[in-house]
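Colleague: Here it is, the structure in full.
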Amino acid sequence: MPSRRMSDRPGGAPTMAEITFLEAIREGLAEEMERDPNVFCLGEDIGAFGGAFKATEGLQARFGEQRVIDTPISEAAIVGAAAGAAHYGMRPVCEMQFIDFVSCAYDMLTNYVATARYRAFLPCPIVVRGPSGGYVRGGPFHSQNPEAAFLHTPGLKIAYPATAEDAKGMIKAAIRDDDPVLFFEHKYLYRRIKGTMPPGDHIVPLGIARVAREGKDLSIITYAATVWKALEAADQLEREDGLSVEVLDLRSLLPLDDEAIVATVKKTNRVLVVHEDTVTGGIGGEITARINELCFEWLDAPVRRVAAHDVPLPYAPPLEDFVLPQASDIVRASRWLAAY
Amino acid sequence: MPSRRMSDRPGGAPTMAEITFLEAIREGLAEEMERDPNVFCLGEDIGAFGGAFKATEGLQARFGEQRVIDTPISEAAIVGAAAGAAHYGMRPVCEMQFIDFVSCAYDMLTNYVATARYRAFLPCPIVVRGPSGGYVRGGPFHSQNPEAAFLHTPGLKIAYPATAEDAKGMIKAAIRDDDPVLFFEHKYLYRRIKGTMPPGDHIVPLGIARVAREGKDLSIITYAATVWKALEAADQLEREDGLSVEVLDLRSLLPLDDEAIVATVKKTNRVLVVHEDTVTGGIGGEITARINELCFEWLDAPVRRVAAHDVPLPYAPPLEDFVLPQASDIVRASRWLAAY
Amino acid sequence: MTVPTTSNAMAPPAGLARPQLLELYRWMRLTRTLEERLVALYRQTKVTGGLFRSLGQEACAVGSAYALERRDVLSPLIRNLGSMLVKGAEPIEILRQYMAKGDSPTRGRELNIHFGDVVDRNFVGQISHLGDMVPVMAGVTLTFRMRGEDRVGLVYVGDGATSTGAFHEGINFAAVQRCPMVVVIENNGYAYSTPTNRQTAAARLVDKAIGYGVPGVRADGNDVLEVYRVTKDAVEHARTGGGVTLLELMTYRRKGHAEHDSQSYVPPGELEHWAATNDPIDRYVTRLTAEFGVDAGELTAIDDEVRATVDAATDVAEASPPCDGPDALRGVYANPAEMPVLWYRGEASRAVAAHERPAGWGTHDG
Amino acid sequence: MTVPTTSNAMAPPAGLARPQLLELYRWMRLTRTLEERLVALYRQTKVTGGLFRSLGQEACAVGSAYALERRDVLSPLIRNLGSMLVKGAEPIEILRQYMAKGDSPTRGRELNIHFGDVVDRNFVGQISHLGDMVPVMAGVTLTFRMRGEDRVGLVYVGDGATSTGAFHEGINFAAVQRCPMVVVIENNGYAYSTPTNRQTAAARLVDKAIGYGVPGVRADGNDVLEVYRVTKDAVEHARTGGGVTLLELMTYRRKGHAEHDSQSYVPPGELEHWAATNDPIDRYVTRLTAEFGVDAGELTAIDDEVRATVDAATDVAEASPPCDGPDALRGVYANPAEMPVLWYRGEASRAVAAHERPAGWGTHDG
Ligand SMILES: Cc1ncc(C[n+]2csc(CCOP(=O)(O)OP(=O)(O)O)c2C)c(N)n1
Ligand SMILES: Cc1ncc(C[n+]2csc(CCOP(=O)(O)OP(=O)(O)O)c2C)c(N)n1
Ligand SMILES: [Mg+2]
Ligand SMILES: [Mg+2]
């Protein structure tokens, strides 16, 4: 398990080797651009400005205007152009200014990009990345978690890291992957999470989950920002209830790491799936179904979900807090499951 | 259970009162346009031409060009314009020429339409309808089942009828509903399914499932074209294995009829979820999760899924047949479940 | 940065009487004063989320909205605070929205000036996704045309938003349907950090009009009377069955995309140049006094009244209650009116639910 | 229906030598003969799915594609069979596609002429969603520009497809980036049943060019030499760094949208008029014989060779094997190369899986 640290002070001085989640992304992008001249970035305001969250800051100065391209406000064109470039040997990395706007490229991604290899043997190694997620008072259009909308699109891969180490290792893996990858970067983590990068060419392969915390009484299967909520809850449950909670950070949502899911179920026999997306139609359903199919016999309790309420994510703090899953929710649900 | 009949001969002479699924849709549209002057239709080629599948045939002649509007090829504009009209008191019914093209309106539906009431108290009673589904050698872009892509969008309702009676009763209910409704019409059923319409103002409320076949050993939970595959399999299982299979036709996917799901699970204790969408990310996951949550204790076996393989739907008959769930698959999976 | 090309020298007051000329001044002043108040609140961390300014663009917003009747419908964008005020939005609504208050127009669901009223004042609550309001307004105005109502709709897009597919689909749809709609491109030189010449290769955005088969007019967006005049013409054209008009209003965004934006991408001197030579309020004051005989005292009186209005609204808004968490579950659908609270929040989480299966668990009782 | 406006009288042969003039004829004839063969196969129910014709539009497809080099990239649409043939697609590939054969270019995954080859002949496999190929080709040509390769891309859209958001976003993006791309609007009067005047209010689709800041040229799409000439100019403009050109080729769709379409929406006489007075092959034959001294025998020889080619290809294609079901699971991803077959298909369905939990089911052994 890589070292990691959660800091609530965005300005907190990092120790020598620590960098933020955001810096980890930037480092990953820079290293891949350095390594492979076919890698280039395109998106809105990503050039001299460095992007709305500064993920590409400094890259245009370093690699030139040809390789860090400011585009018009045209998400479908950004993704479509990336696909065309990829067919002819490039490795484009698209930024969605907020991942909420990937909905404007939904057709292009699900119909053109995802099927390119299958229907026409077209290589289409693109990455579509952008800031996602809530807990930041962004309101309904700057807080989305659209991952589940792409889950039934064979041909796409989906990555959603929770740690700075994974952010770097997985963005590099995504860029090298020969398939199109949707890469979600939780904006709540951008500056709150820091990590120490392993030396050298640090790659975290897609499709492999990570045990974020070992435990034996109960498994929490989750990803992205709620990994940290789950860890917080797990500590409290250990302290207050003596419960030993395992936290599985999926990291990759497509493909899902069935082996890791089965392993944790067989170990603890009780599963809570936690995600920030709405409960209905979120990925929790898919995980529950896989557990039913692969290791139902090991369940001592129903698989249960902690997730966002089924409403558009509202903006005002009391509303957002009410709608989104909190550590206290995970604690309550875990107690219920443990007592089952 | 309404009377229904599956005919493989599209040209088969119907008995007096029987009409096809397609005619049932048309009748429903016409009755609602007659009843409420605010109802109007818009879409590509739906006017004098009557639409690619002739669902709106004759409506323009009857209701005029103002109420059956041919639009440019602009799915986002069709849906957006419908929303605007709905804010000001209209009841627009949008046709997607094939439901595959609803992906082009994905942003408009999930961001604008679905949230309108919640974020701005805007009434948005629109219907977006169109031919969906495979088994017709339509290839990857004329065979889609995109329902699961909208499942985690609170604010939308989703209807997907399997019988001609429901097609009529539910399109009428959808038009009268004060919320936006995505209405999927399986094109394989358009001319193959016939039914006798109940007299009078026939309404089938949204959100209520239908027991398509009573049984006690095993439940098949499904919707749309696979309802008919399930019924075929159920007959075979009864004949060959003496198994009594219940078939639940969900009809509405959002909201899901939890009560009906729980009732059938409690009755048979074994559940097969069958759908035509891909297994990964299809609605089967959501159903499995709800069963876990609501009536896990009544399960004698894991909930299992029969669905399409995780690939874009290919066009050639042997490939399409291989990818999509067939009655024989349901038979095999049911035997496995019954023996569990 | 392109500079305005339409001469405004000695333009007539566009049929406006003296009180209306003063009203235009008041709306621009109110816009600026209210935004300045928001900046103060923002610095006090009383604003939740970002703050978006229209400094230097007040004439676009105010002049265009002033050409509408109350029954006409307006679709504002983030820089159209002025238009909303003209259309009847109250300063207190804006303040409550920015402070995420429980009695704000969206009850805390949406940010800043994203709210609407289609019942009385007729402006439609926008979403963030740029371009999407154009198809929506095509539908609003299609409705008026279908019903034979002589109502008009006006929708704004930024220079950046013209690149979106939704803009294109919406204006094309409305043009074919001859919807009574006016599309206003507020060309303020930038989309976030992107200058207009990286957004389009067209020499002028208004040149898109001919490709949609609609009239196109470009005007000086910092001349409130000119803005009023061209918009009024387009509105009357629409009202009398002429269909869509595309307007391009040339202006300049003097603040960053949002308050936190450092504007590092702006060439040196550009901001200062516009502030010094082309402030829409300064320009209007000059004309009011030089051409229309308004004296400084009249304007100061308006300034004072505006400040008092904003002061009073601020006091009330600050005292407004915060939002109530469970209200988040209401009103997603007309039916059901409320979404259920999740199982672990209530009593159900305290004890394992009474899911007992009569015949025992794990037994086949079929 | 708009009629062509550009005069083609006595146009020069656009720098083409005699063999090339005959080659153009051959490609048009091959297109038509191959489509006629497909109609025959369709009537014999040997075609799976719909059949799409380009009857009367052969000059657009052939003349424009003929302006490309092999290294240039073409993005065809459903009426561009002719372009694909010019670009190197073989009749047998087309026949196998339409008959859903196992050795067809897409191995049965996609329909009709939806296939591509970006390795050698350089045409990109399209999808059905109209407009989407424009952004894709923007990216293809952006790549050439970035790499300094003097290659060009050409993408077709129908009159109907110009209404899509993707068309707009793609051409605008390419224009700003000065991509070496040519966008050809094949204005054939209809989008399915919808006439062009219900698709746009613009007088001419080419009028969209100025709004993207690119040159626009309208030409007679039924004059293959004129099509070649304007396309060649646009291609060379792109190749030499000039960026995007928008071409509008005026033509007419003489068959329905697909073979099953009754064309009930076409005004009486319109089809007959075009067939009689403006068939692109007839017109070309007239010119070849009248202006370029080609004799009828030369053309008959080509017709015979073409028929023999199509006959031979048909025989081979008919003998091609059908698709193999399990192949459907291959190649969705580069990695994994194959998707698993679902559990109920194989051995696993015969018996309840060995999921036995060592400590027994329903017992908490934590
Ligand atoms: C579809 C979409 N993509 C990206 C964004 C992010 N975004 C918000 S404002 C903005 C710039 C808008 O520029 P412009 O349209 O010129 O309006 P201005 O801010 O100058 O008034 C961008 C890119 C968005 N809101 N919607
Ligand atoms: C986005 C999208 N919407 C709808 C369709 C259905 N459709 C297929 S072809 C067609 C008409 C196309 O007309 P046009 O672009 O003029 O091309 P033509 O067939 O005349 O060559 C339509 C509406 C589609 N393929 N894509
Ligand atoms: Mg701007
Ligand atoms: Mg056409």
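Sequences listed follow chains A, B, C and D, in order.
Read in order, the letters of the first sequence are residues 1 to 340 in this note's numbering.
Read in order, the letters of the second sequence are residues 341 to 680 in this note's numbering.
Read in order, the letters of the third sequence are residues 681 to 1046 in this note's numbering.
Read in order, the letters of the fourth sequence are residues 1047 to 1412 in this note's numbering.
Note that CB positions come from ideal geometry on N, CA and C, so glycine has one too.
Taking just the CA atoms, how far does E367 (chain B) sit from Q400 (chain B)?
Modeller: 14 Å
Colleague: Any idea what DSSP makes of S328 (chain A), helix, strand or coil?
Modeller: helix
Colleague: Looking only at its own chain, which residues have a Cβ that is under 7 Å from the Cβ of I99 (chain A), when we skip the five neighbours before and after it?
Modeller: G130, P131, S132, Q144, P146, F184
Colleague: In whole angstroms, what is the alpha-carbon distance linking F380 (chain B) and M430 (chain B)?
Modeller: 8 Å
Colleague: Is the Cβ of E1027 (chain C) closer than 8 Å to any Cβ of chain A?
Modeller: no
Colleague: Compile a chain-ordered list of the residues in the stretch 54-83 of chain A whose CB is closer than 7 Å to at least one CB of chain D.
Modeller: Q66, T71, P72, S74, A76, A77, G80, A81, A82, A83
Colleague: Closest to M170 (chain A) by CA distance: which of A:L189, A:L256, A:G139, A:I208 is it?
Modeller: A:I208
Colleague: Can you say whether E214 (chain A) is buried or exposed, counting buried as having 16 or more other CB atoms within 10 angstroms of its CB?
Modeller: exposed
Colleague: What would DSSP say about F183 (chain A), mapped onto helix, strand or coil?
Modeller: F183 (chain A) falls in the strand class under three-state DSSP.
Colleague: Is the Cβ of T536 (chain B) closer than 8 Å to any Cβ of chain A?
Modeller: no
Colleague: Does the distance between the C-beta of F441 (chain B) and the nearest non-hydrogen atom of ligand 2 fall short of 7 Å?
Modeller: yes
Colleague: Report yes if the CB atom of V986 (chain C) is closer than 8 Å to the CB atom of T728 (chain C), and no otherwise.
Modeller: In this structure, the beta-carbon distance from V986 (chain C) to T728 (chain C) does not fall below 8 Å.
Colleague: Does C94 (chain A) come out as helix, strand or coil in the three-state DSSP assignment?
Modeller: strand
Colleague: Report yes if the C-beta of N852 (chain C) is less than 7 Å from at least one heavy atom of ligand 4; otherwise report no.
Modeller: False, no ligand heavy atom lies under 7 Å from that Cβ.
Colleague: At the level of alpha carbons, what is the spacing between G1306 (chain D) and M817 (chain C)?
Modeller: The identity of residue 1306 (chain D) in the sequence shown is His, whereas the question assumes Gly. Cα to Cα, H1306 (chain D) sits roughly 37 Å from M817 (chain C).
Colleague: With a threshold of 7 Å (Cβ to nearest heavy atom), would A1086 (chain D) be considered close to ligand 4?
Modeller: Of the heavy atoms belonging to ligand 4, none sits nearer than 7 Å to the Cβ of A1086 (chain D).
Colleague: Using a Cβ-Cβ cut-off of 6 Å (strictly less than) and excluding sequence neighbours within five positions of F21 (chain A), which residues of its own chain qualify?
Modeller: A164, A167, L189, Y190, I193
Colleague: Tell me which same chain residues have a C-beta within less than 7 Å of the C-beta of T226 (chain A), skipping the five on either side of it?
Modeller: V274, H275, E276, P325
Colleague: If you draw a straight line from the C-alpha of D1411 (chain D) to the C-alpha of V271 (chain A), how long is it?
Modeller: Its pLDDT being 40, under 50, D1411 (chain D) is placed unreliably by the model, and the measurement read from it follows with that caveat. Between the alpha carbons of D1411 (chain D) and V271 (chain A) lies a distance of about 15 Å.
Colleague: Measuring CB atoms only, is the stretch 1152-1170 of chain D touching the stretch 642-658 of chain B, in the sense that at least three cross pairs come out at less than 8 Å?
Modeller: yes
Colleague: Near ligand 4, which residues have their beta-carbon less than 7 Å from any of its heavy atoms, given in chain order?
Modeller: D:G1204, D:D1205, D:G1206, D:E1232, D:N1233, D:N1234, D:G1235, D:Y1236, D:A1237, D:R1299
Colleague: Measuring CB to CB, does T280 (chain A) end up less than 8 Å from E599 (chain B)?
Modeller: no
Colleague: By a C-beta neighbour count over all protein chains shown, 10 Å radius and 16 as the cutoff for buried, is G977 (chain C) buried or exposed?
Modeller: exposed
Colleague: Between A881 (chain C) and K888 (chain C), which are expected to be in contact by the criterion C-beta below 8 Å, what is the C-beta distance as a whole number of angstroms?
Modeller: Not really, about 12 Å apart at Cβ, beyond 8 Å.
Colleague: Nearest chain C C-beta to A316 (chain A) closer than 8 Å, yes or no?
Modeller: yes
Colleague: Taking 8 Å as the cut-off, does the stretch 792-806 of chain C touch the stretch 752-766 of chain C (at least 3 CB pairs, one atom from each stretch)?
Modeller: yes
Colleague: For D975 (chain C), is the classification buried or exposed, using 16 other Cβ atoms within 10 angstroms of its Cβ as the cut-off for buried?
Modeller: exposed
Colleague: From what residue to what residue does the beta strand (DSSP E) around L109 (chain A) run?
Modeller: From DSSP, L109 (chain A) is part of no beta strand (DSSP E); its letter is neither H nor E.
Colleague: How about N451 (chain B): is its C-beta nearer than 8 Å to some C-beta of chain C?
Modeller: yes
Colleague: Cβ of G618 (chain B) within 8 Å of Cβ of H152 (chain A)?
Modeller: Note that residue 618 (chain B) is Thr in the sequence shown, not Gly. Yes.
Colleague: Determine, for R1117 (chain D), whether the minimum Cβ-Cβ distance to residues of chain C falls below 8 Å.
Modeller: no
Colleague: From V832 (chain C) to A694 (chain C), what does the alpha carbon distance come to, in whole angstroms?
Modeller: 19 Å
Colleague: Please report how far the alpha carbon of S843 (chain C) lies from the alpha carbon of A573 (chain B), in whole angstroms.
Modeller: 52 Å
Colleague: Note down the Cα distance separating Y452 (chain B) from A1354 (chain D), rounded to an integer number of angstroms.
Modeller: Taking the straight line joining both Cα atoms gives about 57 Å.
Colleague: Could you give the uninterrupted runs of the alpha helix (DSSP H) lying entirely in the stretch 1059-1096 of chain D, keeping only those of 4 residues or more?
Modeller: 1064-1089
Colleague: Just checking L1200 (chain D) against ligand 2 - is the residue's beta carbon closer than 7 Å to any of the ligand's heavy atoms?
Modeller: no
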